[in-house]
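K.L.:
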Amino acid sequence: MTSSTIDELRAEIDALDATILRLLNQRMSFSRQIGQSKNSLGQSVFDPDREERVLARLRDLNDGPLPEITLRAIYREIFSGSRLLQEPITVAFFGPAGTYTHEAARERFGRSLPFTACESITEVFHEVAQARAQFGVVPIENSIEGSVSETHDMLMTSTVGVCGEIAIRISHTLMNLSGKMEDVKIVMSHPQALAQCRSWLARKLPGIPLQETSSTAVAAEKARADSRVAAIASETLGTDLGLKVIRKGIQDRQENITRFLVLGTLKPPPTGKDRTSIVFWTENEPGALFRILEKFSRRGINLSRIESRPEKGSMPWRYAFFVDLDGHRDDPQISECLAEIMKENRLVKVIGSFPKQTLLQ
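Take a look at the structure:
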(Lines of atoms letter the chains of each structure in order from A and count residues from 1; the text may use other names and numbers.)
(Lines give C-alpha, C1' and ligand atoms only; values in the text may rest on other atoms or scores of the structure.)
Protein backbone atom coordinates (compact mmCIF):
# COMPACT_ATOMS: atom_id res chain seq x y z
CA MET A 1 0.00 0.00 0.00
CA THR A 2 1.44 3.36 -1.04
CA SER A 3 1.31 6.59 0.92
CA SER A 4 -1.07 8.05 -1.66
CA THR A 5 -3.47 5.12 -1.10
CA ILE A 6 -3.33 5.76 2.67
CA ASP A 7 -4.11 9.44 2.06
CA GLU A 8 -7.08 8.49 -0.11
CA LEU A 9 -8.45 6.13 2.56
CA ARG A 10 -7.99 8.81 5.23
CA ALA A 11 -9.91 11.26 3.04
CA GLU A 12 -12.74 8.72 2.85
CA ILE A 13 -12.67 8.37 6.66
CA ASP A 14 -12.74 12.15 7.08
CA ALA A 15 -15.83 12.33 4.89
CA LEU A 16 -17.47 9.52 6.86
CA ASP A 17 -16.65 11.28 10.14
CA ALA A 18 -18.42 14.41 8.91
CA THR A 19 -21.48 12.32 7.99
CA ILE A 20 -21.44 10.50 11.33
CA LEU A 21 -21.24 13.79 13.21
CA ARG A 22 -24.15 15.24 11.25
CA LEU A 23 -26.26 12.13 11.92
CA LEU A 24 -25.33 12.10 15.61
CA ASN A 25 -26.48 15.68 15.99
CA GLN A 26 -29.68 14.82 14.15
CA ARG A 27 -30.21 11.89 16.54
CA MET A 28 -29.58 14.15 19.54
CA SER A 29 -32.12 16.64 18.22
CA PHE A 30 -34.78 13.93 18.03
CA SER A 31 -33.74 12.69 21.48
CA ARG A 32 -34.16 16.19 22.95
CA GLN A 33 -37.67 16.37 21.49
CA ILE A 34 -38.50 13.01 23.07
CA GLY A 35 -37.16 14.35 26.38
CA GLN A 36 -39.44 17.38 26.17
CA SER A 37 -42.43 15.12 25.53
CA LYS A 38 -41.45 12.84 28.42
CA ASN A 39 -41.13 15.79 30.78
CA SER A 40 -44.59 17.05 29.84
CA LEU A 41 -45.99 13.56 30.50
CA GLY A 42 -44.08 13.17 33.77
CA GLN A 43 -42.02 10.25 32.44
CA SER A 44 -38.40 9.47 33.34
CA VAL A 45 -35.70 9.97 30.72
CA PHE A 46 -33.95 6.85 32.04
CA ASP A 47 -35.35 3.85 30.18
CA PRO A 48 -32.95 0.90 30.49
CA ASP A 49 -35.31 -1.53 28.75
CA ARG A 50 -35.53 0.73 25.68
CA GLU A 51 -31.73 1.00 25.62
CA GLU A 52 -31.30 -2.77 25.77
CA ARG A 53 -33.81 -3.23 22.95
CA VAL A 54 -31.92 -0.69 20.82
CA LEU A 55 -28.64 -2.51 21.49
CA ALA A 56 -30.19 -5.90 20.70
CA ARG A 57 -31.48 -4.60 17.36
CA LEU A 58 -28.10 -3.09 16.51
CA ARG A 59 -26.29 -6.32 17.42
CA ASP A 60 -28.52 -8.15 14.94
CA LEU A 61 -27.79 -5.54 12.25
CA ASN A 62 -24.04 -5.48 12.86
CA ASP A 63 -22.20 -7.49 10.18
CA GLY A 64 -18.76 -6.39 11.42
CA PRO A 65 -15.90 -5.83 11.59
CA LEU A 66 -17.06 -3.57 14.47
CA PRO A 67 -16.75 -5.71 17.67
CA GLU A 68 -19.88 -6.01 19.81
CA ILE A 69 -18.08 -4.65 22.88
CA THR A 70 -17.15 -1.52 20.89
CA LEU A 71 -20.71 -1.14 19.62
CA ARG A 72 -22.02 -1.24 23.19
CA ALA A 73 -19.41 1.27 24.39
CA ILE A 74 -20.26 3.71 21.58
CA TYR A 75 -23.99 3.58 22.23
CA ARG A 76 -23.55 3.75 25.99
CA GLU A 77 -22.07 7.22 25.48
CA ILE A 78 -24.72 8.15 22.91
CA PHE A 79 -27.44 7.22 25.43
CA SER A 80 -25.58 9.17 28.11
CA GLY A 81 -25.35 12.28 25.94
CA SER A 82 -29.03 11.97 25.09
CA ARG A 83 -30.01 11.87 28.77
CA LEU A 84 -27.87 14.94 29.43
CA LEU A 85 -29.82 16.86 26.78
CA GLN A 86 -33.20 15.60 27.96
CA GLU A 87 -33.01 16.29 31.69
CA PRO A 88 -30.35 17.13 34.31
CA ILE A 89 -29.52 13.88 36.10
CA THR A 90 -27.00 13.29 38.89
CA VAL A 91 -25.84 9.80 39.85
CA ALA A 92 -24.48 9.15 43.34
CA PHE A 93 -22.20 6.17 43.91
CA PHE A 94 -20.24 4.59 46.74
CA GLY A 95 -16.87 6.23 46.12
CA PRO A 96 -14.27 7.48 45.85
CA ALA A 97 -13.82 8.04 42.13
CA GLY A 98 -12.16 5.19 40.28
CA THR A 99 -13.58 2.35 42.36
CA TYR A 100 -15.42 -0.60 40.84
CA THR A 101 -18.72 0.96 41.90
CA HIS A 102 -17.80 4.10 39.95
CA GLU A 103 -16.91 1.89 37.00
CA ALA A 104 -20.29 0.13 37.25
CA ALA A 105 -22.10 3.49 37.37
CA ARG A 106 -20.31 4.67 34.23
CA GLU A 107 -21.07 1.37 32.50
CA ARG A 108 -24.78 1.93 33.16
CA PHE A 109 -25.08 5.71 32.76
CA GLY A 110 -22.12 6.61 30.53
CA ARG A 111 -19.60 9.37 31.19
CA SER A 112 -21.60 12.43 30.16
CA LEU A 113 -23.64 12.72 33.35
CA PRO A 114 -22.37 14.28 36.59
CA PHE A 115 -21.48 11.77 39.31
CA THR A 116 -21.31 12.30 43.07
CA ALA A 117 -18.86 10.18 45.06
CA CYS A 118 -20.13 9.25 48.52
CA GLU A 119 -18.09 8.12 51.51
CA SER A 120 -20.53 5.38 52.50
CA ILE A 121 -23.34 3.27 51.09
CA THR A 122 -25.67 4.93 53.61
CA GLU A 123 -24.79 8.33 52.15
CA VAL A 124 -25.76 7.14 48.64
CA PHE A 125 -29.22 6.19 49.94
CA HIS A 126 -29.56 9.59 51.61
CA GLU A 127 -28.52 11.48 48.47
CA VAL A 128 -31.28 9.77 46.49
CA ALA A 129 -33.86 10.02 49.30
CA GLN A 130 -33.31 13.78 49.57
CA ALA A 131 -33.41 14.20 45.75
CA ARG A 132 -29.87 15.56 45.56
CA ALA A 133 -29.24 12.68 43.15
CA GLN A 134 -31.82 11.09 40.88
CA PHE A 135 -30.08 7.71 40.94
CA GLY A 136 -27.59 5.89 43.12
CA VAL A 137 -25.32 2.89 42.57
CA VAL A 138 -24.29 0.56 45.40
CA PRO A 139 -22.84 -2.99 45.52
CA ILE A 140 -25.18 -5.74 46.69
CA GLU A 141 -23.22 -8.99 46.29
CA ASN A 142 -20.02 -10.55 44.97
CA SER A 143 -19.78 -14.07 43.59
CA ILE A 144 -16.78 -14.83 45.85
CA GLU A 145 -17.16 -12.71 48.98
CA GLY A 146 -20.96 -12.82 49.22
CA SER A 147 -23.40 -10.08 50.18
CA VAL A 148 -22.73 -6.48 51.21
CA SER A 149 -24.16 -6.00 54.70
CA GLU A 150 -24.56 -2.23 54.67
CA THR A 151 -26.60 -2.30 51.47
CA HIS A 152 -28.95 -4.92 52.89
CA ASP A 153 -29.33 -2.99 56.13
CA MET A 154 -30.27 0.19 54.23
CA LEU A 155 -32.75 -1.66 52.02
CA MET A 156 -34.63 -2.69 55.16
CA THR A 157 -35.13 0.85 56.43
CA SER A 158 -34.80 3.30 53.53
CA THR A 159 -37.74 4.62 51.53
CA VAL A 160 -35.55 4.51 48.40
CA GLY A 161 -36.38 1.72 45.99
CA VAL A 162 -34.39 -0.23 43.41
CA CYS A 163 -34.99 0.36 39.70
CA GLY A 164 -32.13 -1.51 38.07
CA GLU A 165 -29.08 -3.69 38.45
CA ILE A 166 -25.58 -3.83 36.98
CA ALA A 167 -23.38 -6.92 36.82
CA ILE A 168 -19.71 -6.56 35.94
CA ARG A 169 -16.77 -8.96 35.92
CA ILE A 170 -14.11 -7.85 38.39
CA SER A 171 -10.54 -8.12 37.13
CA HIS A 172 -7.83 -7.15 39.62
CA THR A 173 -4.58 -5.69 38.32
CA LEU A 174 -1.32 -5.30 40.25
CA MET A 175 0.36 -1.96 39.44
CA ASN A 176 3.12 0.32 40.61
CA LEU A 177 5.22 3.19 39.26
CA SER A 178 7.80 1.01 37.50
CA GLY A 179 5.74 -1.95 36.35
CA LYS A 180 8.38 -4.27 37.83
CA MET A 181 7.61 -7.03 40.31
CA GLU A 182 11.00 -6.73 42.01
CA ASP A 183 10.23 -3.18 43.13
CA VAL A 184 7.23 -4.24 45.20
CA LYS A 185 7.87 -3.93 48.94
CA ILE A 186 4.25 -3.69 50.11
CA VAL A 187 0.88 -4.42 48.50
CA MET A 188 -2.13 -2.24 49.28
CA SER A 189 -5.81 -2.57 48.42
CA HIS A 190 -9.32 -2.82 49.77
CA PRO A 191 -9.75 -5.85 52.11
CA GLN A 192 -12.09 -7.58 49.65
CA ALA A 193 -9.61 -7.21 46.78
CA LEU A 194 -6.76 -8.53 48.92
CA ALA A 195 -8.88 -11.52 49.95
CA GLN A 196 -9.76 -12.29 46.35
CA CYS A 197 -6.06 -12.33 45.36
CA ARG A 198 -4.58 -13.93 48.47
CA SER A 199 -3.41 -17.20 46.90
CA TRP A 200 -1.79 -15.45 43.93
CA LEU A 201 0.01 -13.02 46.24
CA ALA A 202 1.27 -15.86 48.44
CA ARG A 203 2.72 -17.65 45.39
CA LYS A 204 4.18 -14.68 43.53
CA LEU A 205 5.06 -12.28 46.38
CA PRO A 206 5.76 -14.46 49.43
CA GLY A 207 6.66 -12.50 52.51
CA ILE A 208 5.54 -9.17 51.07
CA PRO A 209 3.28 -7.41 53.61
CA LEU A 210 -0.32 -6.66 52.68
CA GLN A 211 -1.96 -3.45 53.87
CA GLU A 212 -5.69 -2.73 53.77
CA THR A 213 -7.02 0.59 52.49
CA SER A 214 -10.54 2.02 52.49
CA SER A 215 -10.83 1.55 48.73
CA THR A 216 -8.89 0.43 45.67
CA ALA A 217 -8.71 4.09 44.64
CA VAL A 218 -6.89 5.02 47.85
CA ALA A 219 -4.44 2.15 47.26
CA ALA A 220 -3.72 3.44 43.76
CA GLU A 221 -3.04 6.92 45.13
CA LYS A 222 -0.62 5.44 47.67
CA ALA A 223 1.21 3.60 44.89
CA ARG A 224 1.48 6.79 42.86
CA ALA A 225 3.08 8.55 45.82
CA ASP A 226 5.49 5.77 46.88
CA SER A 227 7.58 3.64 44.51
CA ARG A 228 7.72 0.82 47.08
CA VAL A 229 3.95 0.36 47.02
CA ALA A 230 2.00 -1.77 44.56
CA ALA A 231 -1.78 -1.40 44.37
CA ILE A 232 -4.46 -3.89 43.45
CA ALA A 233 -7.16 -2.04 41.52
CA SER A 234 -8.82 -1.85 38.13
CA GLU A 235 -6.43 -1.31 35.24
CA THR A 236 -8.36 1.78 34.13
CA LEU A 237 -7.97 3.44 37.53
CA GLY A 238 -4.26 2.69 37.74
CA THR A 239 -3.31 3.79 34.26
CA ASP A 240 -5.34 7.00 34.70
CA LEU A 241 -3.07 7.77 37.67
CA GLY A 242 0.11 6.98 35.76
CA LEU A 243 0.75 3.53 37.23
CA LYS A 244 2.22 0.72 35.15
CA VAL A 245 0.83 -2.80 35.00
CA ILE A 246 2.80 -5.58 36.67
CA ARG A 247 0.22 -8.33 36.13
CA LYS A 248 -3.41 -8.40 35.04
CA GLY A 249 -6.13 -10.72 36.27
CA ILE A 250 -4.49 -11.77 39.54
CA GLN A 251 -7.76 -12.75 41.26
CA ASP A 252 -7.75 -16.36 42.47
CA ARG A 253 -11.04 -17.14 40.70
CA GLN A 254 -11.58 -15.77 37.22
CA GLU A 255 -15.37 -15.84 37.51
CA ASN A 256 -15.39 -12.92 39.92
CA ILE A 257 -18.61 -10.98 39.37
CA THR A 258 -20.11 -8.18 41.41
CA ARG A 259 -23.75 -7.16 41.18
CA PHE A 260 -24.73 -3.57 41.87
CA LEU A 261 -28.15 -2.01 42.42
CA VAL A 262 -29.46 1.17 40.83
CA LEU A 263 -31.40 3.17 43.41
CA GLY A 264 -34.14 5.61 42.45
CA THR A 265 -37.81 6.47 42.46
CA LEU A 266 -38.34 5.16 38.92
CA LYS A 267 -40.65 2.14 38.65
CA PRO A 268 -39.85 0.35 35.38
CA PRO A 269 -42.77 -1.39 33.64
CA PRO A 270 -42.71 -5.15 32.95
CA THR A 271 -40.40 -6.27 30.13
CA GLY A 272 -40.87 -10.04 30.26
CA LYS A 273 -37.33 -10.50 31.66
CA ASP A 274 -37.54 -8.93 35.09
CA ARG A 275 -36.43 -9.42 38.66
CA THR A 276 -38.37 -8.43 41.78
CA SER A 277 -36.63 -7.94 45.12
CA ILE A 278 -38.57 -8.12 48.38
CA VAL A 279 -37.75 -8.28 52.07
CA PHE A 280 -40.01 -9.75 54.73
CA TRP A 281 -39.92 -10.51 58.43
CA THR A 282 -41.36 -13.58 60.12
CA GLU A 283 -42.16 -14.61 63.65
CA ASN A 284 -39.64 -16.92 65.31
CA GLU A 285 -41.89 -19.97 65.22
CA PRO A 286 -41.95 -23.34 63.41
CA GLY A 287 -43.13 -23.18 59.80
CA ALA A 288 -43.24 -19.37 59.55
CA LEU A 289 -40.72 -19.18 56.70
CA PHE A 290 -42.13 -22.24 54.96
CA ARG A 291 -45.64 -20.79 54.86
CA ILE A 292 -44.38 -17.80 52.88
CA LEU A 293 -42.06 -19.68 50.52
CA GLU A 294 -44.73 -22.27 49.80
CA LYS A 295 -46.90 -19.59 48.20
CA PHE A 296 -44.25 -18.93 45.57
CA SER A 297 -43.68 -22.63 44.94
CA ARG A 298 -47.41 -23.28 44.51
CA ARG A 299 -47.56 -20.69 41.72
CA GLY A 300 -44.34 -21.83 40.00
CA ILE A 301 -42.51 -18.58 40.80
CA ASN A 302 -38.74 -19.11 40.78
CA LEU A 303 -36.69 -17.67 43.63
CA SER A 304 -33.21 -16.82 42.35
CA ARG A 305 -31.85 -15.71 45.72
CA ILE A 306 -32.82 -15.91 49.38
CA GLU A 307 -30.74 -14.52 52.22
CA SER A 308 -31.35 -13.83 55.89
CA ARG A 309 -30.07 -10.81 57.82
CA PRO A 310 -30.43 -10.04 61.54
CA GLU A 311 -32.61 -7.01 62.08
CA LYS A 312 -30.62 -4.28 63.81
CA GLY A 313 -32.16 -2.64 66.86
CA SER A 314 -34.69 -5.42 67.44
CA MET A 315 -34.84 -8.41 69.73
CA PRO A 316 -32.05 -11.00 69.33
CA TRP A 317 -32.60 -13.68 66.68
CA ARG A 318 -35.14 -11.67 64.74
CA TYR A 319 -34.29 -11.98 61.04
CA ALA A 320 -35.26 -10.33 57.78
CA PHE A 321 -35.34 -12.44 54.62
CA PHE A 322 -34.30 -10.95 51.28
CA VAL A 323 -35.72 -12.74 48.26
CA ASP A 324 -35.23 -12.17 44.53
CA LEU A 325 -38.05 -13.46 42.29
CA ASP A 326 -38.07 -14.07 38.56
CA GLY A 327 -40.75 -11.73 37.20
CA HIS A 328 -42.32 -8.31 37.79
CA ARG A 329 -44.49 -7.19 40.70
CA ASP A 330 -47.24 -6.37 38.17
CA ASP A 331 -47.21 -9.87 36.65
CA PRO A 332 -50.55 -11.47 37.67
CA GLN A 333 -49.04 -14.46 39.48
CA ILE A 334 -46.53 -12.40 41.44
CA SER A 335 -49.03 -9.65 42.21
CA GLU A 336 -51.49 -12.24 43.53
CA CYS A 337 -48.81 -14.00 45.56
CA LEU A 338 -47.55 -10.78 47.17
CA ALA A 339 -51.10 -9.73 48.00
CA GLU A 340 -51.69 -13.06 49.77
CA ILE A 341 -48.45 -12.76 51.75
CA MET A 342 -49.21 -9.17 52.75
CA LYS A 343 -52.68 -10.19 53.89
CA GLU A 344 -51.23 -12.77 56.24
CA ASN A 345 -47.99 -10.98 57.10
CA ARG A 346 -47.89 -7.18 57.10
CA LEU A 347 -44.11 -7.09 57.44
CA VAL A 348 -43.37 -7.30 53.71
CA LYS A 349 -41.61 -4.67 51.62
CA VAL A 350 -41.28 -4.70 47.83
CA ILE A 351 -37.85 -3.19 47.18
CA GLY A 352 -38.38 -2.96 43.42
CA SER A 353 -39.02 -4.65 40.09
CA PHE A 354 -36.58 -4.02 37.25
CA PRO A 355 -35.18 -5.55 34.05
CA LYS A 356 -32.61 -8.31 34.56
CA GLN A 357 -29.18 -7.13 33.54
CA THR A 358 -26.82 -9.22 31.43
CA LEU A 359 -23.14 -9.21 32.33
CA LEU A 360 -21.68 -5.95 30.99
CA GLN A 361 -18.02 -6.97 30.83
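Following UniProt numbering, the numbering of the sequence shown begins with 1 at its first residue and continues without gaps. Each residue gets a CB set at the ideal place from its N, CA and C atoms; glycine is no exception. No experiment lies behind these values; they were computed from the predicted model shown.
1. Return the CA-CA distance between S189 and R22, expressed in angstroms with no decimal places.
2. For the beta strand (DSSP E) that D252 lies in, which residues bound it at each end?
3. Starting from P310 and walking both ways along the beta strand (DSSP E), at which residues does that stretch end?
4. Rounded to the nearest angstrom, how far is the Cβ of K222 from that of A231, given a contact under 8 Å?
5. Tell me I168's beta-bridge partners as DSSP assigns them.
6. DSSP three-state label for P206, please.
7. Please go through the same chain and pick out, in chain order, the residues whose beta-carbon is closer than 8 Å to the beta-carbon of S112, but skip the five residues on each side of it.
8. Quick one: residues in its chain with C-beta nearer than 6 Å to the C-beta of E235, no 5 flanking neighbours on either side, listed in chain order?
9. Give me, in chain order, the residues of the same chain whose beta-carbon lies closer than 8 Å to that of E68; leave out the 5 immediate sequence neighbours on both sides.
10. Are the CB atoms of A131 and A92 nearer to each other than 8 Å?
11. So I168 packs on E107, CB below 8 Å; how close in whole Å?
12. Whose C-alpha, out of D330, G95, S353, L266, is nearest the C-alpha of T276?
13. For L24, is the classification buried or exposed, using 16 other Cβ atoms within 10 angstroms of its Cβ as the cut-off for buried?
14. Around the C-beta of V13, are 16 or more other C-beta atoms found within 10 angstroms, so that it is buried, or is it exposed?
15. Note down, in chain order, each residue of its chain lying with its Cβ closer than 6 Å to the Cβ of E141, except the 5 sequence neighbours on either side.
16. How about E119 and G95: do their beta carbons lie closer than 8 Å?
P.N.:
According to the data block:
1. CA-CA distance, S189 to R22, rounds to 45 Å.
2. First-last for D252: undefined, no H or E at that position.
3. 303-310
4. 7 Å
5. T258
6. coil
7. E77, S80, G81, R83, L84.
8. T173
9. R59, N62
10. no
11. 6 Å
12. S353
13. Per the 10 Å Cβ criterion, exposed.
14. The question names Val, but residue 13 in the sequence shown is Ile. Label assigned to I13: exposed.
15. Excluding residues within five positions, the ones whose Cβ falls inside 6 Å are S147, R259.
16. yes
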